[in-house]
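Residue numbers for the sequence shown, in the numbering used here: 54 to 112.
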Amino acid sequence: MSEEFQPGDVVVLKSGGPKMTVDQIGDDQFQRRMVWCDWIEANKKFSDTFPPTSLKLST
Numbered sequence: 054m055s056e057e058f059q060p061g062d063v064v065v066l067k068s069g070g071p072k073m074t075v076d077q078i079g080d081d082q083f084q085r086r087m088v089w090c091d092w093i094e095a096n097k098k099f100s101d102t103f104p105p106t107s108l109k110l111s112t
């Protein structure tokens with residue numbers, strides 16, 4: 054069972070990586086549930102989408 058995320062939550066990929074902020078949660082064009090995340094790395098803003106099963110809340 055995947056965790057329920059909310060906009061503003063800080064998450065990381067289960068496989069590792071930077072801390073990311075959840076921007077929104079919704080369905081993509083293929084009707085798959087996705088989590089839109091933003092993060093800063095080397096003073097640059099990045100954004101991407103991830104399936105919720107690949108994320109966990111940051112501690």
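Note that CB positions come from ideal geometry on N, CA and C, so glycine has one too.
Contact belief for residue i with residue j at Cβ below 8 Å, rounded distance in angstroms
| i | j | result |
| --- | --- | --- |
| aspartate 76 | tryptophan 89 | 4 Å |
| valine 64 | phenylalanine 58 | 6 Å |
| lysine 67 | serine 100 | Lysine 67 to serine 100, Cβ: 19 Å. No contact. |
| lysine 98 | aspartate 91 | 6 Å |
Proximity winner among the options, relative to residue i (alpha-carbon distances)
| i | options | result |
| --- | --- | --- |
| threonine 102 | Met87, Gln82, Gly70, Val64 | Met87 |
C-beta contact flag for residue i and residue j at 8 Å
| i | j | result |
| --- | --- | --- |
| arginine 85 | proline 60 | no |
Residue i CB to nearest heavy atom of the ligand MG below 7 Å
| i | result |
| --- | --- |
| valine 64 | For the structure depicted, the ligand MG is absent and the ligand set is empty, with no information on it obtainable. |
*asked:* Restricting to runs no shorter than 3 residues, where is the beta strand (DSSP E) found entirely within the region 70-100?
replied: Counting only runs of 3 or more, we get 73-80, 86-94.
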